[in-house]
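S.K.: Following this message is one structure expressed as structure tokens.
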Amino acid sequence: VCIKIQRVFVHGRLYERFLEAFVARTEALAVGDPLDPETVVGPLTEPVHVERVKAWIDEAVAGGARLRCGGTVEGQV
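Quick note: the sequence shown uses this note's numbering, first residue 37, plus one each step.
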């Protein structure tokens, strides 16, 4: 099942606290083999999907976003 969230709205007063907690929880997700029961995040399976996600990241960074984790492509594309 693919679940994606594209926007999260956070009140300005809570932003820094939310960001730190969100990044920590994201970095703690088990990434890996989708057949491993411990895996929470598996790979994108098609190069076109990898390129699309990479384009979203590049666009966000070009627009002023700060990359806090991820943002790299590993393995074959």
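Each residue gets a CB set at the ideal place from its N, CA and C atoms; glycine is no exception. It should be emphasised that the depicted structure is a prediction, and the values quoted were computed from it without experimental measurement.
1. So, do the stretch 39-46 and the stretch 94-109 have three or more beta carbon pairs nearer to each other than 8 Å?
2. Do you know how far the Cα of E87 is from the Cα of V76?
3. Three-state secondary structure (DSSP) at V89?
4. Of the choices P79, R102, L103, whose alpha-carbon is the least far from that of G68?
M.R.: From the atom records:
1. no
2. As a position in the sequence shown, residue 76 is number 40, starting the count at 1. As a position in the sequence shown, residue 87 is number 51, starting the count at 1. Spanning the two alpha carbons is a distance of roughly 21 Å.
3. As a position in the sequence shown, residue 89 is number 53, starting the count at 1. V89: helix per DSSP, three-state reduction.
4. On the sequence shown, position 32 is the one that residue 68 refers to. It is P79.
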